[in-house]
Amino acid sequence: MSAKKHIRAVLGFAAVGALALGLTACASGDGDDGASGDSGDSGDLISVGFVAVGPEGGWRQANEQNIKDTFTEEAGYKLSYAPAANLDQKSQIDSFTAFVDQEVDVILLSATEATGWEDSLKLAQEAEIPVVLLDRGIEPDDTSLYVTRIAPDNVEVAKEVGEWAAATFPDGGNYVVLEGPAGVGVVNERNKGFEEGLGDSPLTKVDAQTANWSTEEGKSVLETMLKANNNDIQFVFAQNDEMGLGAAQAAEEAGLTVGTDIKIATIDGTKNAIQALADGKLSYVHEYNPLFGETAVDVVKKALAGEKVDSYIIVPSQAFDSADAAKAVLADRKY
Ligand code: AHR
């Protein structure tokens, strides 16, 4: 058992936070990978179990690297990174349980699935291990089971996409939605926000399917949709950049010009999408800012010190609605 755990047992949970903040890093080097090692025995470092999604696309890479770059041993943390095996929730639950068994000081969770987390979160609660949700929410949402969720506001981001679409197509038209994987919480939030933003727009939804966050699937799914609708689709809402970039390829191969024959809006704001917007291959990109590692560190410090934290911390994100807007930020994009 790490020194902090012993002290926690003796002095009480809240007191350990003040001591943890006084501890200084005693070793250099990155956190280790996986939940199999004994990340609980981290000496004076605050042990952090990161139940992560793993390889999924540009946004995920940027988000997880930012967490790794922030929770360093120099900053006083021993981060154990446990990515899902092929996006499989069971592998995440197994890693989560292993971190509880190792008595880590805090768990960070980016859930591959929205449902099925109650038992794991209760296990951590019984072990007095605070859990911080990164990006993805849980369903049903029970804020008593975690410290906070740190993410941009998916509903608001998607609502702004809907409002842009409604303003761009005042006389209506046919649109389709390329969704993330079924069961992922942000997909439902983005559908909800987008429809709120559309309001009473005359735009007509003619299809919606998952393309699993993937460029290849975004291309193949839109190809099928265009054939099924004789190319009579004027707008595509792609719930992430990769699917939108695939849709742009499909539109081009169908002989459609993005910007005049068809418009494509995406969410994430990765560099490839901002470049595509600058090049006229996308029409609108809403950032879903992945760089919230410093916010996560601040939350962890407060949680371990027994301080109150808001149950949802919204990460500001901006919209880009033109090639000029994209060109203005392209050189400085951090992801
Ligand atoms: O949960 C955030 C989503 O997951 C991003 O929009 C997508 O690119 C990632 O895979």
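Numbering (mature numbering (1 follows the signal peptide of the UniProt record, and there is no 0)), first residue to last: -20 to -1, 1 to 315.
Using N, Cα and C, we set each Cβ at its ideal position, and we do this for glycine too.
Keep in mind that this is a model prediction, so the values were computed, not measured.
Spell out the partners DSSP gives S302 in its beta bridges.
What you label residue 302 is simply residue 322 of the sequence shown in a count that begins at 1. Residue pairing for S302: DSSP places it in no beta bridge.
Short Cβ contact (8 Å threshold) for V127 with A283
Taking the first residue of the sequence shown as position 1, residue 127 is located at position 147. Taking the first residue of the sequence shown as position 1, residue 283 is located at position 303. Between V127 and A283, the CB-CB gap stays under 8 Å.
Tell me the residue span of the alpha helix (DSSP H) that contains D49.
Position 69 of the sequence shown, counting from 1, holds the residue named residue 49. 38 to 50 is the extent of the alpha helix (DSSP H) around D49.
With the ligand AHR as the reference, list in chain order each residue whose Cβ lies under 6 Å from any of its heavy atoms.
E36, G37, W39, R40, D115, R116, V166, W193, N220, I247, D248, Y268
What are the residues that DSSP puts in a beta bridge with Q189?
By 1-based counting over the sequence shown, the position of residue 189 is 209. Answer by DSSP bridge pairing, in chain order: L158.
Contact set for T4: own chain, Cβ-Cβ below 6 Å, skip 5 residues either direction
Taking the sequence shown and counting its residues from 1, the one referred to as residue 4 is at position 24. Only weak support is given to the placement of T4: the predicted model assigns it a pLDDT of 34, under 50, and the value that follows is read from those uncertain coordinates. None.
Can you tell me whether A218 is buried or exposed, with buried defined as 16 or more other CB within 10 angstroms of its CB?
Residue mapping note: residue 218 aligns to position 238 of the sequence shown, counting from 1. Buried.
Suppose only complete runs of 4+ residues qualify. What are the alpha helix (DSSP H) ranges in the segment 193 to 266, listed by chain order?
195 to 208, 221 to 233, 251 to 258
For S60: DSSP bridge partner residues
Locating residue 60 in the sequence shown gives position 80, counting from the first residue. Answer is G29.
Taking just the CA atoms, how far does L206 sit from Q229?
Taking the sequence shown and counting its residues from 1, one reaches residue 229 at position 249. Taking the sequence shown and counting its residues from 1, one reaches residue 206 at position 226. For Q229 and L206, the distance between alpha carbons rounds to 12 Å.
So the beta strand (DSSP E) R129 belongs to, where does it begin and stop?
Translated into the one-based positions of the sequence shown, residue 129 becomes position 149. Annotation for R129: the continuous beta strand (DSSP E) segment containing it runs 128 to 131.
Member of L59, A306, I213, L103 whose CA lies at the smallest distance from the CA of K251:
In the sequence shown, residue 251 corresponds to position 271, counting from 1. Checking every option, the nearest Cα to that of K251 belongs to A306.
Contact set for Q69: own chain, Cβ-Cβ below 8 Å, skip 5 residues either direction
Reading the sequence shown from its first residue, position 89 is the one you call residue 69. Same-chain partners within the cutoff: A91, T92, E93, G96.
Are the Cβ atoms of V216 and L257 separated by less than 8 Å?
On the sequence shown, residue 216 is found 236 positions in, with the first residue counted as 1. On the sequence shown, residue 257 is found 277 positions in, with the first residue counted as 1. The answer is no: Cβ separation not under 8 Å.
Looking at C-alpha atoms only, which residue of A308, T52, I213, S297 is the closest neighbour of G273?
Numbered from its first residue, the sequence shown carries residue 273 at position 293. Minimum Cα distance to G273 is reached at T52.
Alpha carbon to alpha carbon, how far is N171 from I26?
Walking along the sequence shown from the start, residue 171 turns up at place 191. Walking along the sequence shown from the start, residue 26 turns up at place 46. Answer to the nearest angstrom: the Cα atoms are 38 Å apart.
Residues of its chain near E119, where Cβ-Cβ distance is below 7 Å and the 5 sequence neighbours each way are ignored:
On the sequence shown, position 139 is the one that residue 119 refers to. Answer for E119: A94, T95, G165, listed in chain order.
Quick check on the DSSP output: the alpha helix (DSSP H) that includes L103 runs from which residue to which?
Here residue 103 refers to the residue found at position 123 of the sequence shown. That run of the alpha helix (DSSP H) goes 98 to 106.
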